[in-house]
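Trainee: Take my numbering: the last position of the sequence shown gets the number 744, and nothing is skipped along the way.
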Amino acid sequence: MKNINRKKQLFFDFGRDYEADFDNFFFSRKNKLLKSELENFLNGETSQNIFLTADNGNGKTFLLNSILNHKHMQDLKVIYIDVALLNEEKNYFIELSDFDLICLDNIHKTLKSIEVQIFNLINQCKNSSTNLLFASGKHPNDLNFLPDLVSRFKAFKQYRIHSIADDDVTECIKFVASKLKLNYSQDLTDYFSTRIKRDFLSIKSTIQDFDKFLYSEQKQPTKISAASFLKDYS
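(1) Distance check for Ile632 and Ser673, CA to CA, integer angstroms please.
(2) When we look at the beta-carbon of Pro650 and count the other beta-carbons within 10 Å, is it buried (16 or more) or exposed?
(3) Under three-state DSSP, which class holds Gln718?
(4) What residue range does the alpha helix (DSSP H) around Asp700 cover?
(5) Once DSSP output is grouped into helix, strand and coil, what is the label at Ile674?
(6) Looking only at DSSP bridge pairs, what is Lys667 linked to?
(7) Note down, one range per segment and in chain order, each alpha helix (DSSP H) of at least 4 residues found wholly within the segment 599-652.
(8) Can you tell me whether Asn637 is buried or exposed, with buried defined as 16 or more other CB within 10 angstroms of its CB?
(9) Please state the DSSP three-state secondary structure of Tyr743.
(10) What does a CB cutoff of less than 7 Å around Asp709 pick up in its chain, not counting 5 residues either side in sequence?
(11) Would DSSP call Ile577 helix, strand or coil?
(12) Is Asn616 buried or exposed, if buried means 16 or more other CB atoms sit within 10 Å of its CB?
(13) If contacts are defined as beta-carbon pairs under 8 Å, then Leu606 and Ile577 qualify, I think. What distance do you get, rounded to the angstrom?
(14) Under a three-way DSSP split, which group does Ile706 fall into?
(15) May I have the straight-line CA-CA distance separating Pro657 from Asp610, to the nearest angstrom?
(16) Is the beta carbon of Leu724 closer than 8 Å to that of Ser738?
(17) Can you tell which of Ile706, Asp721, Ala564 has its C-alpha closest to the C-alpha of Ser509?
(18) Please identify the residue among Tyr590, Phe537, Phe629 whose C-alpha is closest to the C-alpha of Lys664.
(19) Along the alpha helix (DSSP H) that carries Leu679, what are the first and last residues, could you check?
(20) Evaluate the contact criterion for the segment 677-696 versus the segment 581-601: three or more CB pairs, one atom per stretch, below 8 Å.
(21) Compute the distance between the beta-carbons of Lys570 and Ile717, then report whether it is under 8 Å.
(22) Within its chain, find whatever has a CB closer than 8 Å to the CB of Gln730; leave out the 5 residues flanking it on each side and keep chain order.
(23) Return the residue from the list Lys600, Lys540, Ser557 that minimises the CA-CA distance to Asp677.
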């Protein structure tokens with residue numbers, strides 16, 4: 511059984527981010543409750559089922575992977591599956607009910623042929639100690655799935671990863687910069703805050719790419735170098 515599960519983990523490895531860290535996810539003010547609930551989830555002794563909804567770019571995949579990588583999960587059997595990649599008519603989820611945590615990502619991209627399999631997986635895990643953490647770009651109410659499957663989703667604890675509000679952008683830039691050990695002036699932070707996309711992944715990618723730009727061009731982090739970088743950045 512252990513070998514079978516190991517093979518499954520390798521098969522489903524696509525999309526797995528082993529560098530994602532829970533402490534590196536920026537929880538804006540509207541997401542503080544979510545942070546608290548996920549911390550309870552990580553520290554919980556009883557099994558839980560959670561359904562996360564998030565718009566594109568708000569970090570649901572990063573967050574799922576950061577939970578899988580958490581120190582509390584190190585000695586547990588966990589698995590990440592991007593449902594969007596499942597496109598064959600075979601039983602993908604057989605013998606997963608003995609895992610401690612199953613993360614299914616991109617639920618909203620589930621093919622019709624996979625819906626029954628997810629329904630059966632939920633039923634198999636109902637009387638086990640398995641935790642289910644599902645993430646989707648759509649709320650269960652907006653999914654055109656089998657009614658029984660939607661009903662199962664609605665029985666999960668429901669949380670949304672809220673978008674970063676305008677008044678959170680500056681704090682998010684500071685957060686990302688500090689995690690990357692970058693020293694930005696307030697002027698530079700304010701400059702980026704009015705010219706950057708309002709989602710976590712875009713902010714993170716922009717700051718990382720700006721740092722690479724500075725290194726390659728041998729420039730200092732100033733408003734002038736930021737303007738030069740953003741001129742051709744998309």
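Every residue gets a Cβ at the ideal spot worked out from N, C-alpha and C, and that includes glycine.
Mentor: In short:
(1) Translated into the one-based positions of the sequence shown, residue 673 becomes position 163. Translated into the one-based positions of the sequence shown, residue 632 becomes position 122. Straight across, the Cα-Cα distance linking Ser673 with Ile632 is about 29 Å.
(2) Sequence index remark: in the sequence shown, residue 650 carries index 140 (1-based). Under this definition Pro650 is a buried residue.
(3) Within the sequence shown, residue 718 is the residue found at index 208, counting from 1. DSSP places Gln718 in helix when its eight states are reduced to three.
(4) Within the sequence shown, numbered from 1, the residue matching residue 700 stands at position 190. 696-703 is the extent of the alpha helix (DSSP H) around Asp700.
(5) Position 164 of the sequence shown holds residue 674. Looking at Ile674 - three-state DSSP - the assignment turns out to be coil, as it is neither helix nor strand.
(6) Along the sequence shown, read from residue 1 onward, the residue named residue 667 stands at position 157. Beta-bridge pairing by DSSP links Lys667 to Ile560.
(7) 622-635
(8) Working through the sequence shown from its first residue, we reach residue 637 at position 127. Exposed, by the Cβ-count rule.
(9) Here the question's residue 743 lines up with position 233 in the sequence shown. Of the three classes helix, strand and coil, the one that applies to Tyr743 here is coil, per DSSP.
(10) Numbered from 1 along the sequence shown, position 199 holds the residue referred to as residue 709. Within its own chain, the residues whose Cβ lies closer than 7 Å to the Cβ of Asp709, once the five positions on either side in sequence are excluded, are Gly567, Asn568, Ser673, Ile674, listed in chain order.
(11) Translated into positions along the sequence shown, residue 577 becomes position 67. Helix at Ile577.
(12) In the sequence shown, counting from the first residue as 1, residue 616 sits at position 106. Buried.
(13) Sequence index remark: in the sequence shown, residue 606 carries index 96 (1-based). Sequence index remark: in the sequence shown, residue 577 carries index 67 (1-based). Actually they do not touch by this definition, with Cβ atoms about 17 Å apart.
(14) Within the sequence shown, residue 706 is the residue found at index 196, counting from 1. Ile706 falls in the coil class under three-state DSSP.
(15) Within the sequence shown, numbered from 1, the residue matching residue 657 stands at position 147. Within the sequence shown, numbered from 1, the residue matching residue 610 stands at position 100. In a straight line, the C-alpha of Pro657 is about 27 Å away from that of Asp610.
(16) Numbered from its first residue, the sequence shown carries residue 738 at position 228. Numbered from its first residue, the sequence shown carries residue 724 at position 214. No. Outside cutoff.
(17) No information on residue 509 is available, as it lies outside the stretch 511 to 744 that the chain covers here.
(18) Against the sequence shown, residue 664 aligns to sequence position 154. Comparing Cα-Cα distances from Lys664 to each of Tyr590, Phe537, Phe629, the minimum goes to Phe629.
(19) Sequence index remark: in the sequence shown, residue 679 carries index 169 (1-based). Note that residue 679 is Val in the sequence shown, not Leu. Element bounds for Val679: 679-689.
(20) no
(21) Sequence index remark: in the sequence shown, residue 570 carries index 60 (1-based). Sequence index remark: in the sequence shown, residue 717 carries index 207 (1-based). No. Outside cutoff.
(22) Taking the first residue of the sequence shown as position 1, residue 730 is located at position 220. Leaving aside the five residues that flank Gln730 on each side, the residues in its chain whose CB is nearer than 8 Å to its CB run, in chain order, Leu724.
(23) Here residue 677 refers to the residue found at position 167 of the sequence shown. Ranking the options by Cα distance to Asp677, first place goes to Lys540.
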